[in-house]
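Peer 1: Let me give you the structure first, and then I'll get to my questions.
In structure tokens:
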């Protein structure tokens, strides 16, 4: 057995600080995640009235899937105003890293705990970051090769790196199936191997976009738990969000000032800066099949790849 021991400096770790209600962390958030009273306040907060419209958007997004009875029921719960526990992740190759699945299990677990504790239905929702354009972060995964006693990187190769969002990217199916075959070669065969391979093959045949394949695979895994899925890039959702985007554009300077001040505050308290960016608008615009960063030069909004101004 090949064992690797990694020591973590607990004092400097973010999660232990959250669990211990460290004021350095809790002062940055509206709620203290370690305190039950935070959940009680959130559960008693009034809804915004858009739940039924959002439920329709999610149903439309999931319309190419065969929904389980648990998912159907949760869409109805959402339409009727139920709270949700939501978390998300980039659309990684064949489901991506294992912590994607850990995230979804944590969403399921917390939604069930809140449902049982507060006697209100709470719906688990998983957010797919389809607006992401960092393809290098999603085009690979790792599989443990038992024979070699090591992790093996499996990567989907492209001739050119796509500049569009991953939701607008359509992989070559033959190349993707070859990548799938490579991954399974490194995996230990079990009674589930053949069935899992057939599911993945069918998904590649049935769906075209990168995130639709990701969605379909996670759906197969978690449908029995009633998990709902939504893609950040889904057009009907974007239309729902339009009023908020307008506010962000109009108040971009106030938002940027708040971001810079809070970033400096976290660094002054000994924490690392979480985000490195030169933008002052904090939005992207999809133009000429590219995801482009928006900035403001004092007179115009400008795109970083085409130099278009608005």
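Residue numbers (the numbering used here): 475 to 784.
Beta carbons: idealized from backbone N, C-alpha and C, even for Gly.
#1: Quick check: the Cα distance between residue 720 and residue 730, rounded to an integer number of angstroms?
#2: Quick one: grab the DSSP three-state call for residue 772.
#3: Taking the Cβ atom as the reference point for each residue, do residue 534 and residue 552 lie within a distance shorter than 8 Å?
#4: Nearest to residue 549 by alpha carbon, out of 598, 567 and 562?
#5: State the DSSP-derived secondary structure class of residue 782, mapped to helix, strand or coil.
#6: How many angstroms separate the CA atom of residue 508 from the CA atom of residue 496?
#7: In angstroms with no decimal places, state the Cα-to-Cα distance between residue 659 and residue 650.
#8: Compute the beta-carbon to beta-carbon distance between residue 565 and residue 612, rounded to the nearest angstrom, for a pair I have assumed lies under 8 Å.
#9: Going by beta carbon distance, what residues of the same chain come within less than 8 Å of residue 516, once the five residues before and after it are set aside?
#10: How about residue 606 and residue 639: are their beta carbons less than 8 Å apart?
#11: Considering residue 616, what are the terminal residues of the beta strand (DSSP E) in which it resides?
#12: Once you ignore the five residues that flank residue 475 on each side, which residues in its own chain have a CB closer than 7 Å to its CB?
#13: What are the residues that DSSP puts in a beta bridge with residue 761?
#14: Express the C-alpha separation of residue 510 and residue 492 in angstroms, rounding to a whole number.
#15: Following the continuous beta strand (DSSP E) through residue 493, name the residue where it begins and the one where it ends.
#16: Can you tell me whether DSSP reads residue 756 as helix, strand or coil?
#17: Does the beta-carbon distance from residue 561 to residue 600 come in below 8 Å?
#18: Return helix, strand or coil for residue 590, following the three-state DSSP convention.
#19: What did DSSP end up calling residue 744 once you bin it into helix, strand or coil?
#20: With DSSP as the reference, label residue 669 as helix, strand or coil.
#21: According to DSSP, is residue 688 part of a helix, a strand, or is it coil?
#22: Taking Cβ to Cβ, would you say residue 518 is nearer than 8 Å to residue 698?
#23: Quick one: grab the DSSP three-state call for residue 541.
#24: Along the chain, where does the beta strand (DSSP E) containing residue 597 start, and where does it finish?
#25: Thinking C-beta only, is residue 532 closer than 8 Å to residue 696?
#26: Quick check: the stretch 658 to 673 against the stretch 573 to 592, are at least 3 beta-carbon pairs closer than 8 Å?
#27: Using alpha carbons as the reference points, say which of 760, 694 and 595 lies closest to residue 779.
#28: On the criterion of 16 or more Cβ atoms from any shown chain inside 10 Å, does residue 567 qualify as buried, or is it exposed?
#29: Our contact map puts residue 726 next to residue 755 with C-beta atoms below 8 Å; I'd like the distance itself, whole angstroms only.
#30: So what does DSSP say about residue 610, is it helix, strand or coil?
#31: Compare the C-beta of residue 750 with all C-beta atoms of chain B and state if any pair is closer than 8 Å.
Peer 2: In terms of the structure at hand:
#1: 15 Å
#2: coil
#3: no
#4: 598
#5: coil
#6: 10 Å
#7: 14 Å
#8: 6 Å
#9: 505 and 557
#10: yes
#11: 614 to 619
#12: Interpretation of residue 475 is limited by its pLDDT of 49, a score under 50 that renders its predicted location unreliable; the figure taken from the coordinates is listed afterwards. There are no such residues.
#13: 764
#14: 13 Å
#15: No beta strand (DSSP E) holds residue 493; the alpha helix (DSSP H) holding it covers 488 to 493.
#16: coil
#17: yes
#18: helix
#19: coil
#20: helix
#21: helix
#22: no
#23: coil
#24: 596 to 602
#25: no
#26: no
#27: 760
#28: buried
#29: 5 Å
#30: helix
#31: Judged by its chain identifiers, the structure shown contains no chain B, having just a single protein chain.
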